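Participant:
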Amino acid sequence: MAKKKKEKHEEGAVPFVPVHIMKEMAAAFIFLGILIPLAILYPFEELEPANPFVTPEHIKPEWYFLAAYQILKIVPSKVLGLALQGIVILAIILLPFWDTNSERNPRKRPLFSIIAVATILGYIILTAWGKYS
Amino acid sequence: MELIKDINKKVLDWLDERYDARQWIRENLTEKLVHKHINWLYCFGGLSFLGFLLQIGTGIFLMMYYIPTPKDALASVQNIANNVPFGWLFQRLHSIGANVVNLLVMFHMLRVLYHGAYKKPREFQWVSGVFLLLITMAMSFTGYLLPWTQLSYWGATIGTEMPGATPIIGEWLVQLIRGSAQITGITLTRFYAIHAVVLPLTLIAFLGIHFLMIRKVGISGPM
Chain Y
3 MAKKKKEKHE EGAVPFVPVH IMKEMAAAFI FLGILIPLAI LYPFEELEPA
53 NPFVTPEHIK PEWYFLAAYQ ILKIVPSKVL GLALQGIVIL AIILLPFWDT
103 NSERNPRKRP LFSIIAVATI LGYIILTAWG KYS
Chain F
7 MELIKDINKK VLDWLDERYD ARQWIRENLT EKLVHKHINW LYCFGGLSFL
57 GFLLQIGTGI FLMMYYIPTP KDALASVQNI ANNVPFGWLF QRLHSIGANV
107 VNLLVMFHML RVLYHGAYKK PREFQWVSGV FLLLITMAMS FTGYLLPWTQ
157 LSYWGATIGT EMPGATPIIG EWLVQLIRGS AQITGITLTR FYAIHAVVLP
207 LTLIAFLGIH FLMIRKVGIS GPM
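One line per chain: the protein sequences are Y and F, in this order. Residue numbering for the first sequence follows my numbering, starting at 3 and increasing by one per position. Residue numbering for the second sequence follows my numbering, starting at 7 and increasing by one per position.
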């Protein structure tokens, strides 16, 4: 079994344990080393209790929803905005089935790379727009 | 030192007799090969998983003190943050961690996108991964309501209004998500159950598929 697996790799393949796992563990400690100080630097703030009778003036979703929220804000029809979101999500889910070119290097598949970068930039711009509008 | 080695050997012998432990360790860990070019960028998947484990751990702790009613929710969160020993740390880790996990999953996704690692034979690796991101976001959304603050209440109001634009079933959908016409205590318990049970179990199922498939197919080779 182990032998069969070996044949699939190029020269100089490394064992998962200990070579790769050490990298993962180092990354894990760096991650905790960032997260725990964040938890200390951003302490719990006293929060305003929910009041169903008072709508706050500026209410915005968390950053990861800002792009979706901004789409709904800029597309005039709500149905259209929702459909647009659905289409984008569906296109992302189905990515391996429409980008079937076996070339993997991003420099050798410029059309796809442009689409990908445009999508990522679009997400970032919509997020910033949602945040600062 | 000798004693530890001795115990180690005895334990492994015992496990070997029953489960072929040494062979399993060789096949799955020490002789399981990965490509040499695998670098730090490949750690985001593992980190997302670590982040998820941290959310589960801190989440279970929070569940021990959290009360899912409109009257007590915020007070119980404040109690965790102000009175429970180390409660502040668990509360902060869970709340900040949610943002970090979203970020890590996105980084992982960008790495896979850059390397074209979703291509044949790893198509379903990608599909299950996108679902994992969507579940992570749903977890964030449902969790955000739980402290029952002004922000979380109105955030949930706006968020649950969105599917209302769906033709024909829109209103029914909003009613289904909220459990009532507005965000009420029913919505709170509903979101709590979804946040703490339904979504984690779904996520674990997708993670299982995600991991089993990558074990089977292997991490993608050099471009």
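The beta carbon of each residue, even a glycine, is placed where N, CA and C say it ideally should be. These numbers were taken from a predicted model, which means no experiment stands behind them.
From Trp94(F) to Phe99(Y), what distance separates their C-alpha atoms?
Facilitator: 46 angstroms
Participant: Distance check for Val17(F) and Ile89(Y), CA to CA, integer angstroms please.
Facilitator: 55 angstroms
Participant: Output needed for Gln181(F): all residues of its chain with C-beta closer than 8 angstroms, excluding positions within five of it in sequence on either side, in chain order.
Facilitator: Ala187
Participant: Please report the straight-line C-alpha distance between Pro169(F) and Lys75(Y), rounded to a whole angstrom.
Facilitator: 14 angstroms
Participant: In the DSSP assignment, what residue or residues form a beta bridge with Leu9(F)?
Facilitator: Listed as beta-bridge partners of Leu9(F) by DSSP are no residues whatsoever.
Participant: By the criterion of Cβ-Cβ separation under 7 angstroms, what are the contact partners of Glu8(F) in chain Y?
Facilitator: Within chain Y, no residue comes near Glu8(F); the closest Cβ sits about 23 angstroms away, beyond 7 angstroms.
Participant: Among residues of its own chain, excluding the 5 on either side of Ala4(Y), which ones have a beta-carbon nearer than 8 angstroms to its beta-carbon?
Facilitator: With a pLDDT of 47 at Ala4(Y), under the threshold of 50, the modelled position of this residue cannot be trusted; read the value that follows with caution. Excluding residues within five positions, none has a Cβ falling inside 8 angstroms.
Participant: Do you know how far the Cα of Arg111(Y) is from the Cα of Lys7(Y)?
Facilitator: The pLDDT assigned to Lys7(Y) is 48, lower than 50, so where the model puts this residue is not dependable, and the model offers no usable value.
Participant: What does Pro51(Y) pair with, by DSSP beta-bridge criteria?
Facilitator: Thr155(F)
Participant: Which residue wins for smallest C-alpha separation from Ala29(Y), given the options Glu37(F), Ile220(F), Leu60(F) and Phe50(F)?
Facilitator: Phe50(F)
Participant: Report the residue from Glu23(F), Ile66(F), Ile102(F) and Leu21(F) whose alpha carbon sits nearest the alpha carbon of Pro206(F).
Facilitator: Ile66(F)
Participant: If we ignore side chains and look at the alpha-carbon of each, how far apart do His100(F) and Ile141(F) end up?
Facilitator: The alpha-carbon atoms of His100(F) and Ile141(F) are separated by roughly 16 angstroms.
Participant: Determine the direct distance from the alpha carbon of Gly161(F) to that of Leu86(Y), and round the result to whole angstroms.
Facilitator: 21 angstroms
Participant: Specify the secondary structure class of Pro206(F) as computed by DSSP and reduced to three states.
Facilitator: helix
Participant: Counting along the chain, where does the alpha helix (DSSP H) carrying Met24(Y) start and finish?
Facilitator: Segment Ile23 to Leu43, the alpha helix (DSSP H) holding Met24(Y).
Participant: Assuming Gly122(F) and Arg109(Y) are in contact, meaning their beta carbons sit under 8 angstroms apart, how far apart are those beta carbons, in whole angstroms?
Facilitator: Between Gly122(F) and Arg109(Y) the beta-carbon gap is near 11 angstroms, outside 8 angstroms, which marks them as no contact.
Participant: What are the residues of the region 88-105 of chain Y that lie near chain F, defined by any Cβ-Cβ distance shorter than 9 angstroms?
Facilitator: Ile91, Ile94, Ile95, Leu96, Leu97, Pro98, Phe99, Asp101, Thr102, Asn103, Ser104 and Glu105
Participant: Give me the Cβ distance between Ser54(F) and Val136(F), rounded to the nearest whole Å; I'm assuming they're in contact under 8 angstroms.
Facilitator: Between Val136(F) and Ser54(F) the Cβ distance is about 13 angstroms, and since that is not below 8 angstroms, they are no contact.
Participant: Does the distance from the CB of Ala15(Y) to the CB of His216(F) come in under 8 angstroms?
Facilitator: no
Participant: Can you give me the C-alpha to C-alpha distance between Glu9(Y) and Leu39(F), rounded to a whole angstrom?
Facilitator: Annotation note: pLDDT 49 at Glu9(Y) (below 50); position unreliable, coordinate value reported separately. Their Cα atoms are separated by approximately 10 angstroms.
Participant: Secondary structure at Val16(Y), three-state DSSP: helix, strand or coil?
Facilitator: strand
Participant: Could you pull the start and end residues of the alpha helix (DSSP H) that Gly103(F) belongs to?
Facilitator: Gly93 to Tyr120
Participant: Residues bridged to Leu39(F) by DSSP?
Facilitator: Pro17(Y)
Participant: Any beta carbon from chain Y within less than 8 angstroms of Ile192(F)'s own beta carbon?
Facilitator: no
Participant: With H, G and I counted as helix, E and B as strand and the rest as coil, what does DSSP make of Leu225(F)?
Facilitator: The question names Leu, yet the displayed sequence has Ile at residue 225(F). It is coil, neither helix nor strand.
Participant: Once you ignore the five residues that flank Asn103(Y) on each side, which residues in its own chain have a CB closer than 8 angstroms to its CB?
Facilitator: Arg111 and Phe114
Participant: Mind pulling the chain Y residues with CB within less than 7 angstroms of Trp30(F)?
Facilitator: Those within 7 angstroms of Trp30(F) in chain Y number zero; the least Cβ separation is about 10 angstroms.
Participant: May I ask you to report which of helix, strand or coil DSSP gives Arg106(Y)?
Facilitator: coil
Participant: Figure out for me which residue from Ile10(F), Tyr71(F), Gly63(F) and Ala104(F) has the closest Cα to the Cα of Met143(F).
Facilitator: Ala104(F)
Participant: Which one of Lys15(F), Gly227(F) and Leu138(F) has the shortest CA to CA distance from Pro127(F)?
Facilitator: Gly227(F)
Participant: Hey, is Met219(F)'s beta-carbon within less than 8 angstroms of any beta-carbon in chain Y?
Facilitator: Judged by the 8 angstroms Cβ criterion, Met219(F) is not in contact with chain Y.
Participant: Does the beta-carbon of Trp46(F) have 16 or more other beta-carbons within 10 angstroms, so that it is buried, or is it exposed?
Facilitator: exposed
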